[in-house]
Structure formats: structure tokens, C-alpha cells
Amino acid sequence: MSETASSQTHDPQALHEGMTKVWGNPRGIRALSVVNHSTLGLRFMATGLAFFLFGGLLAMLIRAQLALPGEGFMAPEIYNQVVTMHGTVMMFLFAIPILEGLAIYLLPKMLGARDLVCPRLTALGYWCYLFGGLILASSLVLEMAPANGWFMYTPLSSSQYSPGLGSDFWLLGITFVEISALSAGVELTVSILRTRTRGMALHKMPLFAWYILAMAMMIVIGFPPLILGSILLELERAVGMPFFIVESGGDPILWQHLFWLFGHPEVYIIFLPGAGIVSTLLPVFAGRPIIGYGWVVAAVLTTAFISFGLWVHHMFTVGIPQLAEFFFSAASMVVAIPTGIQFFVWLATLWLGRPVLKLPMLWILGFLVIFVCGGLTGVMLALVPFDWQVHDTHFVVAHMHYVLVGGMFFPLVAGAYYWLPLVSGRMSSERLGRWGFWLTFIGFNLTFLIMHWTGLVGMPRRVYAYDGAMWGFYNVISSLGGFVLSAGIAMVLLDLVLHFRFGKPAPHNPWQADTLEWAVSMPPNPYNFASQPPVETRHPLWNTPELPRTIAEGQHDLAMYSHGRRETLGTDPLTGKARETIHLPGNSFLPLFAALALAVVCLSLLVKWYPLAALGAVVAIGFLLRWSWINGAHPKAAPDARVQAGAPPLHSRTMDGPGLWCMGIAMLANGALFLSLLFGWFYLWTVSPAWRMPDTSPLPWVWLLVGGAALTVGMLWLERMVSRLRNEKDAGLASGLFIISLLGAVQVAVLIATLWLAPLSPTETAHDAVLVVALLYVLIHGSLAPVLSLLQGLRVRYGYVGAHAPYEPAIVAWFWRYTVGTYWLVFIAVVLMPGLMGGSS
Amino acid sequence: MSASRYAFIHPYHPLHLVIGLIIWSKWFVIMYGGLSVACSVAPPRPDQGALTLINLGLGVLTLIFAALLAWLAWACAQSARQAEGRPRFFALVGSGLYVASMGATLFVGVPVVGFPPCI
Amino acid sequence: MSGIQRRLRRWVNLGRSVIVPAAGLGIVSLGLAGCAGDHSTLDPAGPAAREVAWLWWAMFGVSTVVLFGVVALWLFTFWRSEPAKHDAAQEHRIARRWIIGGGLLLPLVSVVALLIFGVPVSKRMLPIPLPGGEQAMVIEVEGHQWWWEVRYPGAEEGIVVTANQLMLPVGEPIDFHVTSDDVIHSFWVPRLGGKIDMVPGRTNRIRLEADRTGTFGAQCAEFCGPQHAHMRLHVEALERDEFDAWLAARQAPPEQRDEYEAARGAFLEHCADCHRVAGVSEGQVGPDLTDLGSRAALGAGTIPMYDGAIADWLKNHQQLKPGNRMPAHVHLEAETLDSIAAWLETLSP
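Chains as they are written, first to last, in numbering that gives the first Met the number 0: chain Y, 0 to 840; chain R, 0 to 118; chain G, 0 to 348.
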């Protein structure tokens, strides 16, 4: 298993030059086509930093307004926009993207890989983030920003009470940005599971990878409910489908469920990478391996799951039965236990090590104080009667900042100081850094510690003016603290900027770390590893300090560039045995173009130019299909299947390569969206106060049965094709795929006819509105499935797919299975069940 | 290949790290969903307090799930004793996670004892 | 005041003096301003709020100990002179002790204790039948952008309606039935107990009780739009007989004197479509004004009541509470507004 493909030594310089020719970044305008994870990770983080400054500026405006009790310098509408945008920017445009950027930058290096598994997806994610973020931020400049608070509660955010474009900016912009989160979620998951270097078994991978794996899977499951909620609310605002309007059978509380189904896991999506940074840095500064690796893995997984059972604790005051509230209350308390375990794992590691207080460690101590404090108030808030008192007061504002700033920002800065030498090859100033830390730490506590008290003595959140006699003093303190805090952050940023110019050159592996990212050059070259080293332990650099040299000399896997392909090892998710040679696509403008087309869709939906939106969507799909075309045996991808002697086969010549996993994870996200839709349906059915269900279904069930039958036959046929491919038979593959697509088209025709002819009035009742959305969901999938199989048929004709390259039909088959599954679930839920259980609520 | 096809039910497979938590999630959904449906279909009188069929049903459900998780934890712990290296790691952590899931089930289920179900 | 209550009060006071050094703030300033406000959850005027305040101080005490303990342990590992040497087995034992003792048992015991103490506090606010089977008194509160409508359905002659003020009898549990006319608001009287959201299309219920007379502040707690900051409610607990008198006085329409005939005419022309004055107009859009002259504040707590406050409000309300739903009265002469204000001031049953 540890046997490497090539054990001869290369000339490091020649190897480096050859690799750089294949992997190097172009300059000038072509820099926009870069797909390399290091470059994109840095772009993510730099953009996140810019949005952080923007959000921080908004925070200063808030603190300036609240420094004095009177009406302040901002009118209420402006103040509300600023408050809403502060929360939105910090959550969606700073915290999550910058952590994704960090993971995108670091993970391949830690796993001994050369890039993430879908480099073009990384680029698409970045552009969607950038464009979506800019669209959202522009709303504030136009004074049209959303003003309903960052969780956009209906009906305040509905068209009746927020007639402007503010809510639309939020809903469309955030959904656009979330494409980037989802794509990062999918590819980080698959990269962690399938591209670790040879020998790195699941229980040997760095803890950071476990944390990011949990975070990525949580994004995959947690973001879709909000995307669905945003789509529904935008449909309500744009065309009047009343999902959240009580009189028409909708329910504003449904929005809260969908929002917090996302919103609570999101807190942990932000915290887990922070904790991952701590678990990575702390053992290095304690000079020993972490104690209780297994405990940490268990704690991370428990947190990831239980955090999906807490969302109602944001809704304790909406009038849910107390018994149900206490389920969520108890679950919210349970989640304190895995966090407690991590804190004591860290303590035990320090206890049994010899910790040194370097600058990154100082920030981790700051994290300790602030996050433990936030965690403790979190447990208090989990208690229903206490929450009833302080919910929606400044106590919650304080708690949330303790958790988020403590749990994410402090570890992030610790990580920044830790990995800066890797990025720049220079050390930052210890002196300036300590000033920055103490100012930030003191400023933060000055701002937010007293805010607990402000809330306890009754000050509600999100007020632009307040009673000075009651709350004036505390707000002055908070505002003063806010400015100290920003001085501290400015100091940190100054340090960061200056170090690129004046920092001392860093020695190699300056902290004597154990993980593989320190085995690459400083700053890293675009291919990370000239040869991919085998890893048998959790601490490769502690156990094999000569790795950097042997890697550069090409003594390990895939030290070859003459074929001009970008390659990285595909390994078994459990054992780390090498399974495939994954060939990765090179630089491409397609992600940028697709994202630009999506930006056109987003903007034209915003200004309600629907024909242009439709055109943009078609163009975007066109780019994405073109993208999928340049794969596998395509001349621009890997027409030549030969590999180095001893190396595993190219992934596109196998049948369970990483693409299959990507499709699986993407369908998991899609399934989460679908389940949220079903949840919405059953929720409205059982709980909505004025729900109206007709006595007989308005849908022609016989037709739908026919459509479903056509789809199912298509899927079964495709299954047969795939299993024949598995046996290396491809006779009749192309024509079979064409007929399958035709069967899919029959189903599309049936669905369109149903939507056209059925007596549905989706703007009158929430019932019909949900039916229409469910049918549209099925229709979109039912239309995409035949397009994909048609494309495969064409690829067979072009000779890109066949017994020699059987990879893609198996992936398309997954999409077909998913489509058929959701079709029948929709049929059961909206046609059969109402028929069986009768009408009315 | 038939052995590897069912490898996931083997106690040394890393899926055991998540099966317990998935069971916990299912239980949680059934509890919350069941309570909501029961309260919308047949809410008991408020003066019955916590002594209702709904509470009883949810309580029994909780115990069944907890028992299932306890058995799985025990099975994994047994397997861990006979293994070394990677199998032992996953069986041991898996067992711990079954215990955690069981604990979470019992702890989150306890309020069934004390509250009237629908107000 | 019973002995237990006195002891509780002493605990609360003791706690107050604890937070000061912990928060690192000047004792004087906190002592002056700390609990004096009539919105403070820590200056309870009812059993529910009192129990929650007690819970807070208990949780605060335990949390402070945990925080300082954990931080001290971490810091100790940096500042101890030389860590002891351990072999692998010892290390394993020490690690397990920390992880199981600190990571598992400490939080577990804490949350179990928290639930044991917290559940009864929570159940108290449930609107279940009182012991003996009788129903508690009901007061209905409806939220509007940005004011409160308060109704007393139990009054002898139909329903009594008022706005932005809530009178209640002291010493008895009251079920508040709350809902909203537009967006989601939240009903919260901090000194009496927890809040409950006012959701359009639903009626939520919460049981609260005042155990002493006095006035308590209340403010909408769920963000409800531009004037969320100016949606206050004046809450006043009266002895039962005073409360009965107050309620009775509102059951007859206010007496109308002839000298305000012209003002009433102007009111009927310009204001009556939206505002109700019992016996004069039946508008349902804005707050009921039947007893406006007796209220403590105007504009849902935007300005206090004083001589001439109503006239100032009528002239400047869009400056005082920008964006409120009442149109600016630019088309009306100042004298007309003054006369309407003078009449409204007399509406004080």
C-alpha cells in the first residue's frame, strides 16, 4: 500500500518548471480564467475581507447612532437598512465565504492533493459570490437596501409591508451567493473523501479535514431550506403566490421554520471551522499530538447532527406548544456537551504538552474566554422561560456576537497569523500583533459584555432611538468599546498589510507543524506537490521531516508532466488506497461566463424584466452544458488514456470516479430542498390557520401517472445501459440514450399540459401555489434529465463515451433516479394523500 | 465483491459514526412531527395535564429508540474489543456516538413526562 | 411581603452587587441606573418575572465560576514552571479524567439541573385552567404598526377598548390573548414576565400576574418596521376596586360638552374615518381615542402627556414619529388642530 508509483529521483528544478508549465496561472485578462484552488482561495478570502470592512463600517454607524438616545443622525428607514445589511453582510458575505476560502486554500495542501476535485466549480462559486455580494451591497448605495432585519420575517418583508426592492435584493442576492456555498460544500466533501494522498486513511486525516467535512455536509443539508424559502418568498412578492399570507391559507411562521432550519445549523457551519483551526494550531503550540482524536471526531459529528435539531429555539416566543419547545430546549442544551468535550480535549492537550504563547496562541486564548462566555449564555438562552424574557433584546445581540466573534473571528485571526508565512513566505510583526490583539479583545468585551446587561434591563434590539434615562449609559460604553474594537482590528490589518512589505523572510515550517501544508514551498507553487507523498500517520512532518525534499525531488506519486494533464490521486474514502488518477480541467472562462449569465438573471428578476431573465437562464445553462461537454475523452480533457507505469487508471475510464460522488452530494443538497418543500406542504396542511384544501384534487392523476410511467421506463432502460457498460458492452448505447431522452420528453409534455390545463389559481390560495411549485420542481428536473441523456448520446456519437470511457452515463443515471424518485414522491404527497385523507384542513 | 457490497453493516465501517445520529434525527422528526399532527387532529383537554395518550405514545417511542441505540452501542463496543488499528478506531468511536445518540434521545425526550402536549 | 419574597429580594440585591465587579464597571453608575428603569427584567413585579430573575442570578453565578475555572486551568498550563513527566498510560488516564469529568459530566450535570429548575418556571406561564377549574381573567391585546389595541371582553356592557395603555388588577393571574392586525409584533412587559409574539391569523396566550401596584414599561419586542422603536405600552397595575372603577368608567360614553361642538365637527370631518370615540365616531383604523385625555403618553410612548401635548402631537407627529400611519395634517389650520386637541384633552372618563 505504501509502494509508490515512481521511486526514482528527478531534478527538482526541471520538475518544478515542467509542473509550472501545466499548472501555472496566466496573467492579464486571462487571470480571470484561473481555476487553481490556491488562487481562488485567496480571492475568496480577500473578497471576504473587503466585505468584512464594509460590514464593520456599518457596525460603526450603528454604534454611532446608538451612542446617544435621541433620534440620532440616521432616519429610521436608513438605520434599519444599515442594521439589516450589517447582519446580512457579516453572515453571508464575510463569515461563510472567508471560511470556505480558507478551506479551499488549505485542504488540498493538508490532504497531500494538488487541487480540489472540481476546479471549475471553485471558480463558478467565487464568481457567484462576488457578483451576488456586489448586487446585495449595491442596494445600500442606492438606498434601496432590505430593512427588515437579517432574517427577513414575513409578513414584514412581503410586498404589502415592504413594497420597494429591498426584500428582492436580499432574496435574489443571497440565493445567488448561496450557489457558491453549495458548490464549495459539494466539492469540499468529495475532495476530502476522495482525493487524500495515498495511504491517508480516514482515521489518519488531519482533524481540520473532519471539521471541514462536517461543515461542508452541513452546508449541503442546511442551505437548501433557506434557498427554498427565498424562492417561495420571491414568488410571493413577484407574482403573488401567497405562501406566507394567512388569509389565503399561507402562514408567516413557515418562513421562520425554513429560515431557522438553515439559520441554526449556519451558526455551527461558522463555528466548526473556527474550532477546526483551534484543533490544528493548539497541538502545534503545545508541542504534542492532540489528546483524544477520536473524542474530537465524535464531538464534531454530534455537533453537526444535533445542530439541526435546535432551530425552534429561535422561535420560542411564536406560540408553539411548550412540550415541543422543550424538545428543542433540551436539544439546545445537549449540544453544549460536544463543545465542552472539545474544550477539555484542548485543555488536556495543553496540560500534557509544553505550550508556548506565540501570537496565534494568544488569539486562541481570546477565543477561549469569549467563546466560553458566549456558550454559557447560549445554554441560558436555551432555557425557555429565560429566553422569553431576553429574546429579541440586546442580551441576544451580545450572546450572538460572543459566539460568532469568539467562535469564528478570533480563531480566524489566529489561523491568519499561523498560515501567513505559508502564503507570503514572511513573518508578521509580533509587537504590532500583540497590540492588535489586546485592543480587539478589550474593545470587544467593552462593547458586548455590558450589552448583556442592557438587554436584561429591557432594551429591545433593532431600535433606532431609545430612552436615555434607562439605557443611555450602557450604550455609551458599548459605543466607546466599538471604536476601541475597530482600532484593534485596524491594527491587525495594518500588521497584515505591512508584513508583505517589511516582514522578515520566514524559515521553512516556522512553527514546527505536523501537517502536510507545510511540506509545500513558501509561498506555495500552483501544483502544491511535485510528487504526492504517501502518508501513514497523523503527523507526517513530525514523523518524516525530509518529506519536503523527497516531494520536490519527485520521489513519490504522479511526478509527471509530459502529458500536459493536471493530475491528482483519487483514493479510497476509507483506506486511502490509490484508485484512480484524477485528471483535472485546466483554466477556463466558462465559470466566469456562466456566473455572468446568472448575474443577468438575478438583475433582470430584480427589475422584473422576465424575458431577459429567461434568456440569461438559457445562456447560463448553455455554458454549463458546454462545461460538461469538455470532460472525459474530449480532446481538450484527456483524449489519451495512457498513464505512468504503476499509476492507477484515469478516473474518466472507470465507473465510480469522484464525479459520481459529486452528483450524489449535489443530489443530497437537492433532496434537502425537496424535503423542505414537502415539509412546507405538510406544515401548511396541518398548521396553517386558514388552509383550504379542495375536496377533490385539481390535478388529473391519470395523466400524471402516464408521465411518471414514461419517466420510470426511461430510468430503467438507462439502468440497463449502465450495467451493460459495466460489463464493457456499448452496442446500441447512443440510440438507447436518444430513446430514453424521448421518454423523458413525453413526461415533460404531460407536465406542461397539466400545468396549463389544470384549474389551478396559485395567486388565490396557498394550496394551489404549493401545487404549482411542486409541479415546477418536477418539471425542471424532468426537463434536465432528458437533456443530459441526450447529451450523452451525442458524446457516444463523438466517441467521447463508450466502453472505453464509461464514466458519464453512470453519473447521469443518478440524476434520473433522483428525478423519478421525486416525481413519485410529489405524486404521493400532493395527489394521492389529499385524496385518501379528504379535503379541508 | 459480495462481501464489500454489504461492508457498511460491518461494525468497523465508518458509517457507524453517523448511523446513530441519523437515527436520532429520525426520532426527533417523528417526535416533533407526530406531536404537531396529533395536536392538530385530536388535541386533548388542557386540564388533563401531561397524562395523555400523546405523551404516552411519544414516551414509548423514545424508549424504543433509546433501546435500539443502546443495543447498537453495545454491539459496536463488543466488536471494538476484538479489533486493532482502523477497525478498532471506527468501532470505538461509533460505539461512543451510539451512546451519545441514546443520551440525546433520552434527554430530549424527558419533557414528555412533565408537559401537557398541545398548549 | 412574605418572608420568602424578602429573602428572594435580598438574593437579587446581592446578585446585583456581584455583577458590578464582574462587568468591570463603575458601581455608582450601575446602582443608579441599573434596575431603576421600568423595563428591567431584574426588577420584577410579578411571580413569573421574579422566578426568571432568580434563575438568571443562579445561572450567572454558576457560569461565572465555570468561566473563571476553565480559563484559569488553561492559563495555568502556560504559567506553571515545569510540566510533570508522564508515561503513555498516565497520559491516557489524565486525559480521560479531563475529558470525561470536564467535557462530559460538567455540562451534563449543569443542563440537567437547569431543566429541573427551569421547567416549573415555564409551566407557570401556561394558560391552563386555574386550580378549582375557573378561568383566569382575559385581556386581549392586538398589535398594529405601531400601536397597541387593548380590549376587556369581560366588561359588563360589551367590550371596553383602549389603546397604548393596559390596566390590570393586581394579585390575580391574567390570560393575555394576543394577535396582530398586520406584521408580527411581540407583547412584552419585562417586569411581569416573558414575551409572546403577536402573529397575524393566530391568537397566542400567555399568563402573567402583577403582585404589586404601579406602572411598568412595555415595548414591542419583535422588529416590526420603521417605527418599531416607538411602540410602547403603558402598563398599570391597580387594586381590584380601583380597576373595577376604571373599567366601569369606560363603559359609558364620555359626556360631551357643548363648548366643543365645533371641534367635534372638525373631528368628524377629518379624523372620524380612522379613530373611534365612543358615542361620536366608529373609525377602526387608528387607535381608539375615547379616553385619550387620561393617558400617560402619546404616539404609543413617543411623547409624554403634558398640557398642550395633544396639539403638539397633531401638528408635529410626522417629525416626532416619522413614517407613522397618520397623514401629516398640513392641510389643516393650526386653530382647527388646537380646538380638536382641546376637546380630546377633555376625553377623560
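Quick reminder that beta carbons are idealized off the backbone N, C-alpha and C, glycines included. Keep in mind it's a predicted model, so treat the numbers as computed, not measured.
Beta-carbon gap between residue i and residue j smaller than 7 Å
i                 : j                 : result
Ile-449 (chain Y) : Ile-476 (chain Y) : yes
Ile-53 (chain R)  : Pro-116 (chain R) : yes
Thr-376 (chain Y) : His-398 (chain Y) : yes
Trp-626 (chain Y) : Val-189 (chain Y) : no
His-85 (chain Y)  : Ala-63 (chain Y)  : no
Met-30 (chain R)  : Ala-69 (chain R)  : no
Asp-250 (chain Y) : Ser-760 (chain Y) : no
His-766 (chain Y) : Gly-248 (chain Y) : yes
Pro-697 (chain Y) : Ala-752 (chain Y) : no
Leu-113 (chain G) : Leu-281 (chain Y) : no
Thr-194 (chain Y) : Thr-567 (chain Y) : yes
Gly-300 (chain G) : His-38 (chain G)  : no
Residue span of the beta strand (DSSP E) that contains residue i, given as start and end
i                 : result
Met-389 (chain G) : Since the first residue of chain G shown is 0 and the last is 348, residue 389 (chain G) is not available in this structure.
His-85 (chain G)  : From DSSP, His-85 (chain G) is part of no beta strand (DSSP E); its letter is neither H nor E.
Ala-451 (chain Y) : According to the sequence as given, residue 451 (chain Y) is His; it is not Ala. Segment 429-455 is the alpha helix (DSSP H) holding His-451 (chain Y); no beta strand (DSSP E) there.
Val-137 (chain G) : 136-143
His-184 (chain G) : 184-186
Tyr-151 (chain G) : 146-151
Gly-781 (chain Y) : Unbroken run through Gly-781 (chain Y) is the alpha helix (DSSP H), 765-797; no beta strand (DSSP E).
Val-642 (chain Y) : No beta strand (DSSP E) contains Val-642 (chain Y), which DSSP labels as neither H nor E.
Beta-carbon contacts of residue i that lie in its chain and below 7 Å, excluding the five residues immediately before and after
i                 : result
Arg-578 (chain Y) : Gly-569, Thr-570, Asp-571, Pro-647
Glu-221 (chain G) : Ile-183, His-184, Ser-185, Asp-196
Val-519 (chain Y) : Lys-108, Asn-527, Phe-528
Leu-31 (chain G)  : Note that Leu-31 (chain G) scores 42 on pLDDT, short of 50, meaning its location in the model is unreliable; the coordinates nonetheless yield the value given after this. Cβ neighbours of Leu-31 (chain G) beyond the five flanking positions: none.
Spatial neighbours of residue i in its chain, beta-carbon cut-off 8 Å, leaving aside the 5 residues before and after
i                 : result
Ser-182 (chain Y) : Cys-117, Leu-120, Thr-121, Leu-123, Gly-124, Cys-127
Ile-158 (chain G) : Arg-150, Tyr-151, Pro-152
Met-124 (chain G) : Ala-47, Gly-192, Gly-193, Ile-205, Arg-206, Leu-207
N-terminal and C-terminal residue of the alpha helix (DSSP H) that residue i is part of
i                 : result
Gly-157 (chain G) : Neither: Gly-157 (chain G) is in no alpha helix (DSSP H) and is coded neither H nor E.
Asn-203 (chain G) : Asn-203 (chain G) -> not in any alpha helix (DSSP H); beta strand (DSSP E) instead, spanning 203-207.
His-233 (chain G) : Here His-233 (chain G) belongs to no alpha helix (DSSP H); instead the beta strand (DSSP E) covers 231-237.
Gly-213 (chain G) : Note, Gly-213 (chain G): premise wrong, no alpha helix (DSSP H); beta strand (DSSP E) at 213-218.
Ile-363 (chain Y) : 358-381
Close beta carbons around residue i, own chain, < 6 Å, minus the five adjacent residues each side
i                 : result
Leu-736 (chain Y) : Ser-788, Gln-791, Gly-792
Leu-611 (chain Y) : Ser-603
Val-27 (chain G)  : With a pLDDT of 39 at Val-27 (chain G), under the threshold of 50, the modelled position of this residue cannot be trusted; read the value that follows with caution. Taken in chain order, the list of residues that qualify is empty.
Val-829 (chain Y) : Leu-770, Ala-773
Gly-33 (chain G)  : Because Gly-33 (chain G) sits at a pLDDT of 43, beneath the cut-off of 50, its placement in the model cannot be relied upon, and the following sentence gives the value as read from the coordinates. So no residue of the chain qualifies.
Gly-25 (chain G)  : Confidence is the limiting factor: at Gly-25 (chain G) the pLDDT is only 43, short of 50, which leaves the residue's position unreliable and the question unanswerable from this model.
Ala-215 (chain Y) : Gly-184, Leu-187, Thr-188
The stretch 493-508 of chain Y in contact with the stretch 81-97 of chain Y per 3-pair CB rule at 8 Å: no
Contact set between the stretch 315-346 of chain Y and chain R, restricted to residues whose Cβ is under 7 Å from the partner: Pro-320, Gln-321, Leu-322, Ala-323, Phe-325, Phe-326, Ala-329, Ala-330, Val-333
Interfacial residues, the stretch 437-468 of chain Y to chain R, with Cβ spacing under 7 Å: none
Three CB pairs or more closer than 8 Å across the stretch 453-465 of chain Y and the stretch 227-237 of chain G: yes
Given 8 Å, three or more beta-carbon pairs between the stretch 60-67 of chain G and the stretch 329-349 of chain Y: no
Where the stretch 89-118 of chain R meets chain G: residues whose CB sits under 9 Å from a CB there: Gly-102, Phe-106, Val-109, Pro-110, Gly-113, Phe-114, Pro-115, Ile-118
The stretch 40-63 of chain G: positions lying closer than 9 Å to chain Y by Cβ: Thr-40, Leu-41, Asp-42, Ala-47, Ala-48, Glu-50, Val-51, Ala-52, Leu-54, Trp-55, Met-58, Phe-59, Val-61, Ser-62, Thr-63
Contact list for the stretch 290-310 of chain Y against chain R, Cβ threshold 7 Å: Gly-293, Val-296, Ala-297, Leu-300, Thr-301, Phe-304, Ile-305, Phe-307, Gly-308
Cβ contact check for the stretch 72-83 of chain R and the stretch 93-110 of chain R: 3 or more pairs under 8 Å: yes
Residues within the stretch 117-128 of chain G neighbouring chain R, beta-carbon criterion of under 9 Å: Val-118, Pro-119, Ser-121, Lys-122, Leu-125, Pro-126, Ile-127, Pro-128
Proximal residues, the stretch 799-819 of chain Y versus chain R, C-beta separation under 8 Å: none
Against chain Y: residues of the stretch 43-59 of chain R by CB proximity under 7 Å: none
The stretch 69-82 of chain Y touching the stretch 532-542 of chain Y, judged by at least three CB pairs closer than 8 Å: no
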